[in-house]
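Residue numbers for the sequence shown follow my numbering, beginning at 61 and rising by one. Glycine included, C-beta positions come from ideal geometry on N, C-alpha and C.
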Amino acid sequence: MSEWAIECLKPDLPSVETYTSLLAEMDSNQWYTNFGPFVQKFEAKMAQFLSSTDGAPLNVVSCNNATSALELMLQNSGLPKGAKVMVPSVTFPATILAVIRSEMEPVIADVCEEEWTLTPAGVEAMLDYCDIDAVMPVASFGYALDSRAWEAFIDRTGIPVFFDSAAALGQQEVSPKIPTVFSMHATKPFGIGEGGLIVTASDAMASSSKLNSNFGFVQGLIKDIGFNAKLAEYFAIVGLTQFERWDAVTLKREQRWALYKECIDTLDTVDYCQAHKNKLPATLMVNTQGRSAAVIKTCIENKIQTRQWYLPPLHKHEIFQSYIKVGLQGLDKCPVSEYLESSLVGIPFHNFLTNEQIHHICAIIK
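What follows is the structure, given as structure tokens:
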């Protein structure tokens, strides 16, 4: 029994009754991992499901989780060890940890005040203060990144871009120019329990990423320094079943998002990210205009669970202090990220919320 009257997040996965026949088939196959038939079917179906900016075929490499996928994407990108990769200060730590574990150097950047993530214009402005070899924008809170704007950034600067779109599967358009990672963790909209995806138009990246997700084996010999990042058959089965209910799952989220916007629009001291009002988020962060501590306290008193996803920002973590930090005002200055730390509160947003609960939450946080 939860201590909360209203929980912040609830997974919406298929019930086991809907895929027992597939589990029985897996059991009959006696093939549970190592690129099994269900994983192959799932990757093929996902490649059809994802939209591309130019309709080009996309390669999909499934992984055991999105953190592994980020590491494989970077390690098979052609970037050298020590490459400077810009990441937003407001993101889940997996973003920066993947850079570090790939033996590259993160550059922690302040985010855009309007969009709460990196933008091409912001990154170009920060290039006056530091050099980078690549940039990895994040689809913060599940708001899809502008693929075409980042394609134009690549054309202007020649700097490669990699998307950490962990929370935006089903919403993020994929560019053939921009390798992209998605998460299928149970808490994500397209949840399967646990899993990640690398999506790329590059056959070479896909091939080497798949090889290195299996330790780097080629015909029984290690040809590269890989690790075990393979998706198990069970999770592919859940994913195949999730496709069948995806439209209904998405519709429920859209309905709750529409009601939240309607309610929040009546409040004077709370707002959502207006720059993304026409996008469907994965988690709902609201801007309390510097009142996050007070709003969280009030929610606790009313047994409403909240979260401060991505906070504190990366530049506030002691372990990351040795890395370059940059904002629009120069080095070591990330004022937007610090404002968001004092202002953003994650409120309940999931498919099991009732209309009455949404109205109640908005009345409490006002």
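CA nearest to the CA of Ala-143, picked from Arg-161, Ile-297, Ala-126 and Thr-151 | Residue 143 sits at position 83 when you count from the first residue of the sequence shown. Taking only the C-alpha atoms, the option nearest Ala-143 is Arg-161.
My guess is that Arg-208 and Thr-113 are in contact by the Cβ rule of under 8 Å, so how many angstroms apart are they, rounded?
-> For the purposes of this step, residue 208 is taken as residue 148 along the sequence shown, with counting starting at 1. For the purposes of this step, residue 113 is taken as residue 53 along the sequence shown, with counting starting at 1. Indeed, because the Cβ distance is near 6 Å, the residues count as touching under 8 Å.
Those residues which DSSP pairs with Ala-194 across a bridge | Mapped onto the sequence shown, residue 194 falls at position 134. Answer is Val-145, bridged to Ala-194.
Stretch pair the stretch 114–123 + the stretch 218–226: three plus CB contacts closer than 8 Å = No, they do not touch.
Can the beta-carbon of Leu-374 be found closer than 8 Å to that of Ile-168?
-> The residue given as residue 374 occupies position 314 in the sequence shown. The residue given as residue 168 occupies position 108 in the sequence shown. Contact flag set, yes.
Residues that DSSP places opposite Asn-338 in a beta bridge = Residue mapping note: residue 338 aligns to position 278 of the sequence shown, counting from 1. DSSP lists no partner for Asn-338.
Note down the Cα distance separating Gly-74 from Gln-365, rounded to an integer number of angstroms.
-> Position 14 of the sequence shown, counted from the start, is the residue given in the question as residue 74. Position 305 of the sequence shown, counted from the start, is the residue given in the question as residue 365. One point to set straight first is that residue 74 is Pro, not Gly, in the sequence displayed. Their Cα atoms are separated by approximately 24 Å.
Going along the chain, which unbroken runs of the alpha helix (DSSP H) with 4 or more residues stay wholly within the stretch 346–422?
-> Fully enclosed alpha helix (DSSP H) runs of 4 or longer: 352–361 and 395–403.
For Thr-80, is the classification buried or exposed, using 16 other Cβ atoms within 10 angstroms of its Cβ as the cut-off for buried?
-> The residue labelled residue 80 in the question sits at position 20 within the sequence shown. It is exposed - the Cβ of Thr-80 has fewer than 16 other Cβ atoms within 10 Å.
Report all residues from its chain with a CB closer than 7 Å to the CB of Gly-276; omit the five preceding and five following residues, and keep chain order.
-> If you number the sequence shown from 1, residue 276 lands on position 216. Correct list, in chain order: Ile-282, Lys-283, Asp-284, Ile-285 and Gly-286.
Residue environment, Pro-395, which counts as buried when at least 16 other CB atoms sit within 10 Å | Position 335 of the sequence shown holds residue 395. With fewer than 16 neighbouring CB atoms inside 10 Å of its own CB, Pro-395 falls in the exposed class.
Proximity of Thr-151 and Ser-200 at Cβ, strictly below 8 Å | Walking along the sequence shown from the start, residue 151 turns up at place 91. Walking along the sequence shown from the start, residue 200 turns up at place 140. At the C-beta level, Thr-151 and Ser-200 come within 8 Å of one another.
So is Leu-344 in contact with chain C if we call contact Cβ pairs under 8 Å?
-> Absent from the structure is chain C; it holds one protein chain and no more.
DSSP on Leu-83, reduced to helix/strand/coil?
-> For the purposes of this step, residue 83 is taken as the residue at position 23 of the sequence shown. For Leu-83, the three-state secondary structure derived from DSSP is helix.
C-alpha distance - Met-164 paired with Thr-78, whole-angstrom precision = Within the sequence shown, numbered from 1, the residue matching residue 164 stands at position 104. Within the sequence shown, numbered from 1, the residue matching residue 78 stands at position 18. Cα to Cα, the separation comes out at about 43 Å.
Name the DSSP beta bridge partners of Gly-253, please?
-> Counted from its first residue, the sequence shown places residue 253 at position 193. The partner list for Gly-253 (beta bridge, DSSP) reads His-245.
Mind checking which residues open and close the beta strand (DSSP E) that includes Asn-288?
-> Taking the sequence shown and counting its residues from 1, one reaches residue 288 at position 228. The continuous stretches of beta strand (DSSP E) do not include Asn-288, and DSSP gives it neither H nor E.
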